[in-house]
Structures are given as structure tokens and as C-alpha cells.
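Going down the list, the sequences are from chains A and B. First residue of the first sequence? That's 1 in the numbering used here, and the numbers climb one at a time after it. First residue of the second sequence? That's 257 in the numbering used here, and the numbers climb one at a time after it. Cβ coordinates follow ideal geometry from the N, Cα and C atoms, glycine included. Fair warning: this is a prediction, and the values are worked out from it, not measured in the lab. Note sheet for the following structure.
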Amino acid sequence: MKLENLVEAYFLKLRFNLKSEASKSYLNYAWWILEPALHVAVFYFVFNVMLDRGGPNFTVFLLCGQIPFLWLSRSVNNATGSILYGRGMILQISIPKPFFPLLAVGQDLVKQSTVFLCLLLFLILVGFGPSAYWFYLPAIIIVQAMLVCALALVAAAITPYVPDFRFLVNTGMTMLMFASGIFYDYRTVLKDEHKQWFLLNPMSTLIECYRDVLIRHQPLDWNGLLFLLLGSLVLLILVLGFYKRHDAAYARLVAQ
Amino acid sequence: MEDVWLEYKARRSFFRHDRFMALEALNLTLNRGEVLGVIGGNGSGKSTLLRVLAGVYRPDRGQIKRFCGNTLLLSLALGFDPELSGRENALISGVLLGARRQRVVKKMDQIISFAELDDCIDDPLKTYSSGMRARLGFSVAFFVEADLLLIDEVLSVGDANFRLKAEKSMRERISSEQTVVFVSHSSAQIVGLCDRVAWIDKGRLRLTGQPQEVIEAYNGHQCKSTSS
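Here it is in C-alpha cells:
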């Protein structure tokens, strides 16, 4: 398939998949906002109401952690089985296999953009912005997008070889959620010797960057962000190289 | 296509795989403007051969030299989504088959009219009967241009009238210097459409030659197999 065709097919499929998905429910596109809102509501209820562990401005603190994390977890989860689900197309046309995980990532990116806009509006409404530091937000989003793409491509590449990997991704995402400081502030909860380990988790660094910019209105950790950008780029190059080399193998793997 | 070998592996358990040789030492030449028919029993490797020619599978051994531009494996219902309308499905299917978006949009009226779906093209595909879906799939694929056309049993779609129309249109397209590899179980279609026929048996090329001669040999072999 020629590149210009592939690009056209990508954006058409992206648009139509979103439309198709929305048409399967009564509330259609409203679920793009409702689903993350319900996630946040559950965490708010458990940690702030039941356990009384929230503290001041817990809703804003939770939103700035939960929403970026949902972007990553949803994209990686949806991309994981994408090559297997693309079986029908893979067996009929010669198509580069990264098309499928990147399509899943693209769909979640569109949904997430709406959620981010709502988050910014909410922050303005509750008196947390806007501030000049918000101009740093695109940099954080770009780094997270690179990380999401890299992890989604890796997960999608492994699953056709080892279908059981899907279950590990689910469990891995739950572990990552608890280890990313979404509903606790690592500065007050963790011991000093554990803090460096905590920040090795890419989502912890990203969530801290979001909170620095959106809530604390202070300069973000540029070193951490740059390190993440380089790491994601290296992983992206490696995984795209893997796809290039093993692209032909996937048609026979999904036919098994 | 020179000395092409292709093996399938089917996963049975964590460590166990069943192996199945789908194509063995296959040699084939296809000339520009020629219509090559492919016949053979179920599981003989006909569809695998088309997938290798379409670039879907890469052979384990051997090589394929192509002297043409784009190759199209005529696939019905490629990328179809039951929630979308017939028009939207036609658009995405056409683009996935290799046509540019503008071209599919331009040809949309012809596609709809050929598929005889003028009244319901904007209804969701899930409301279509299987025959209507097949007609839409065939119409989209038919209007996509390619240097090499690979057809796998798709002329038997829809009702009797549509089948006749599809076959007639395909015959017109084939007669206009289109290079085609045509897989079918219908001896009449093979004799009527093809310049040369290849008989594939258990992944091996058993015989190539004039349609009538190969069909007779194949039918004779089938009769012997059935009686024994």
C-alpha cells in the first residue's frame, strides 16, 4: 500500500471507528467525558470520603494524575490486541502492521484531547488557572504521546507471538496505576530512599510535571521530561525497526 | 514465481506446533494481459498462492519477480463495519483496497448503482442482508483499478441476476488487457474466462495448460478420488 493511501485510510478509519463506537451506546460521544469522570468519582469516593485521605484540593490533584494515566492505560490496553483484531484486513491486503496499534492510539488521542480541554475548563472554574506555566503543557503532552506510541507499539508487537501477554498488560497497568502517585503525593507518603525509585516510573515523572504546571504553577522537571523523551524515542525507533524486519511474519501469526 | 515454498504453523499448546506445507516448490509465470485460472481441491493452496502474489505472505523460500505496479486481491467487505452506512463502508473499503479517496468519492454513484443499493446506501450496514453486503463489497472492489487482479471465488455473490451481471462486467474488464489470476471451483467460469489454467494439488503445481485440457485432467482425477 502506498504511503498516501495509508495516510488516507488511517484518518478515514480513525473517524469512522470513533463514529461506529459512539453509535453503539445511547449517550454516544458523551462517554468520552463520562467514563473518565466516573473513574475519578470512584477514586474520590474511596480515598476522600471513605478513607478520609484526600486533603485540600484533592479533586484537582486526583484529576491531574488520573486523566494522564487513563490516556496511557487505555491506549496501551486498546493497542495490545489490535493486530490480532485486524486479522481480517491483514489476511487480505499488504498493510504495515503498526497501522493497527497507531489507529488505537489515534482514537484514544482524539478522545483524550476532549477530556484535557474539559480538565482545563474545570481548573479555570475552580480557580487554578490559567497561568503562564500552562504554556509548558504541550511539551508534556508531546512527551506523553511519544511514550504512549512506543508502549502501544511494543504491546501490540508482542501479543500475536504470545497472546497471553494481553493479561499481563492488564495487570501491569493496574500495578502502574498504584505506583504512579495518582491518588497520593509521593513527597509526603514515601520514604526518602524510595523516592528516586518512584520517579523511575515514567508516569510518575509525567504526572508530577502535569501537577507542577497545572496546580502548583511552578517550573517543571525538564531533566526528567527530556530523559523520558529520549527514552521514548529510542524505544520507538527500536520497535519500528522490529516491525520493519518482522512485518511479514504477522500475517501468518494471525492466521494460526 | 520461482521455487516458492510456504509453511503454516498452527499453535496447539505452549511448546507444540503443527506444521503444514501450503506451497511446495511452486514455479509459475504470468504474462501481461493474461488470465490465469487456478483450480484445485479444498486446502490445496489456491488462496495461499493468491496471498503470496498479493504480498500478504512472504514465502519461506523462493522468489517472486513482479514487473507490474499495484496488485489487488479482490476482497469483498474489506474493512466493513456494521455500524456505519453503506456509503461510508464503500469509501473506507475502496481506500483500503488501494484507491485514492477522491477517486472512490467520484465513483460512488457508479458503485451504488452497480450494487443496486440506491434506496438504502445511507442506512447502517447492519440492516443489510448478506446478499446486499456482498453486492456492495463486489461493487467497491470492481471499481478499484490494478495492474494485477487476483480473484478468489468472488464471482458467486448475490442473487442469480447479480451473479450474471458481475460475471459479465468482469468478463469486459478482463478482455481489456487486464492481467488476472482467477481462482474458482466453477469449470464453466474457468473455461469461459481464462487463457491458461494451473492445477494445484497439496501445494504443488500438478499441471498447467489450456483450460479445457487441465479441467478434464482435474475432473478425471476428482472422479477417480471419489470412486476409490
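Buried or exposed by the 16-neighbour rule on C-beta atoms within 10 Å, applied to residue i
i	result
residue 337 of chain B	buried
residue 210 of chain A	buried
residue 41 of chain A	exposed
residue 479 of chain B	exposed
residue 108 of chain A	buried
residue 344 of chain B	buried
residue 408 of chain B	buried
residue 469 of chain B	exposed
residue 175 of chain A	exposed
residue 416 of chain B	exposed
residue 160 of chain A	buried
residue 467 of chain B	buried
residue 68 of chain A	buried
residue 481 of chain B	exposed
residue 250 of chain A	buried
residue 64 of chain A	buried
residue 177 of chain A	buried
residue 472 of chain B	exposed
residue 389 of chain B	buried
Which of helix, strand or coil DSSP assigns to residue i
i	result
residue 200 of chain A	coil
residue 454 of chain B	strand
residue 227 of chain A	helix
residue 468 of chain B	helix
residue 288 of chain B	coil
residue 318 of chain B	strand
residue 407 of chain B	strand
residue 56 of chain A	coil
residue 164 of chain A	coil
residue 275 of chain B	strand
residue 138 of chain A	helix
residue 435 of chain B	strand
residue 106 of chain A	helix
residue 264 of chain B	strand
residue 367 of chain B	helix
residue 348 of chain B	helix
residue 360 of chain B	helix
residue 353 of chain B	coil
residue 390 of chain B	helix
residue 280 of chain B	strand
residue 327 of chain B	strand
residue 448 of chain B	helix
residue 213 of chain A	helix
residue 463 of chain B	strand
residue 258 of chain B	strand
residue 385 of chain B	coil
residue 88 of chain A	helix
residue 294 of chain B	strand
Cβ distance (whole Å) where residue i is taken to contact residue j below 8 Å
i	j	result
residue 430 of chain B	residue 295 of chain B	In fact, because the Cβ distance is near 17 Å, the residues do not count as touching under 8 Å.
residue 392 of chain B	residue 406 of chain B	Not a contact, Cβ separation roughly 20 Å.
residue 312 of chain B	residue 91 of chain A	6 Å
residue 328 of chain B	residue 353 of chain B	6 Å
Residue i: contacting residues in chain B (beta-carbon distance under 7 Å)
i	result
residue 245 of chain A	Within 7 Å Cβ-Cβ: nothing; residue 245 of chain A doesn't reach chain B, min ~12 Å.
residue 1 of chain A	354
residue 112 of chain A	None at all; the shortest Cβ gap to chain B is about 22 Å.
residue 132 of chain A	Near residue 132 of chain A there are no residues of chain B at all, since even the closest Cβ is about 42 Å away, more than 7 Å.
residue 20 of chain A	337, 339 and 340
residue 157 of chain A	What residue 157 of chain A touches in chain B: nothing, since even the nearest Cβ is about 17 Å away.
residue 48 of chain A	Residues of chain B passing the Cβ test: none, with the nearest at roughly 39 Å.
Residues that residue i contacts on chain B, provided the C-beta gap is smaller than 8 Å
i	result
residue 16 of chain A	337, 340, 344 and 348
residue 12 of chain A	347, 348, 351 and 357
residue 252 of chain A	264, 265 and 313
residue 24 of chain A	339
residue 256 of chain A	264, 265, 266 and 267
residue 248 of chain A	313 and 314
residue 8 of chain A	351, 356 and 357
Cross-chain neighbours of residue i in chain A, by beta carbon under 9 Å
i	result
residue 310 of chain B	92, 93 and 94
Contact with chain C by residue i, beta-carbon distance below 8 Å
i	result
residue 187 of chain A	Included in the structure are the protein chains A and B, with no chain C among them.
Chain A contact residues for residue i, given Cβ-Cβ distances below 7 Å
i	result
residue 389 of chain B	Under the 7 Å cutoff, chain A gives no residues; its nearest Cβ is about 14 Å from residue 389 of chain B.
Within chain A, partners of residue i - CB distance below 8 Å
i	result
residue 307 of chain B	91 and 251
9 Å Cβ cut-off: residues of chain B touching residue i
i	result
residue 78 of chain A	The contacting residues do not exist; residue 78 of chain A stays about 16 Å from chain B at best.
Going along the chain, which residues of the segment 259–270 of chain B sit with their C-beta nearer than 8 Å to a C-beta in chain A? The segment 259–270 of chain B vs chain A, Cβ under 8 Å: 264, 265, 266 and 267.
Can you list, in chain order, the residues of the segment 322–341 of chain B whose Cβ is nearer than 7 Å to any Cβ on chain A? Legend: CB atoms of the segment 322–341 of chain B lying less than 7 Å from CB atoms of chain A belong to residues 329, 331, 334, 335, 337, 339 and 340.
Taking a cut of 8 Å between CB atoms, which residues from the segment 286–304 of chain B lie near chain A? Considering only beta carbons, no part of the segment 286–304 of chain B lies closer than 8 Å to chain A.
Could you list the residues in the segment 370–401 of chain B with a C-beta less than 9 Å from some C-beta on chain A, going in chain order? Residues of the segment 370–401 of chain B with a C-beta less than 9 Å from any C-beta of chain A: 380, listed in chain order.
Please list, in chain order, the residues of the segment 212–235 of chain A that have any C-beta partner in chain B closer than 7 Å. When C-beta distances to chain B are compared with 7 Å, every residue of the segment 212–235 of chain A stays at or above that value.
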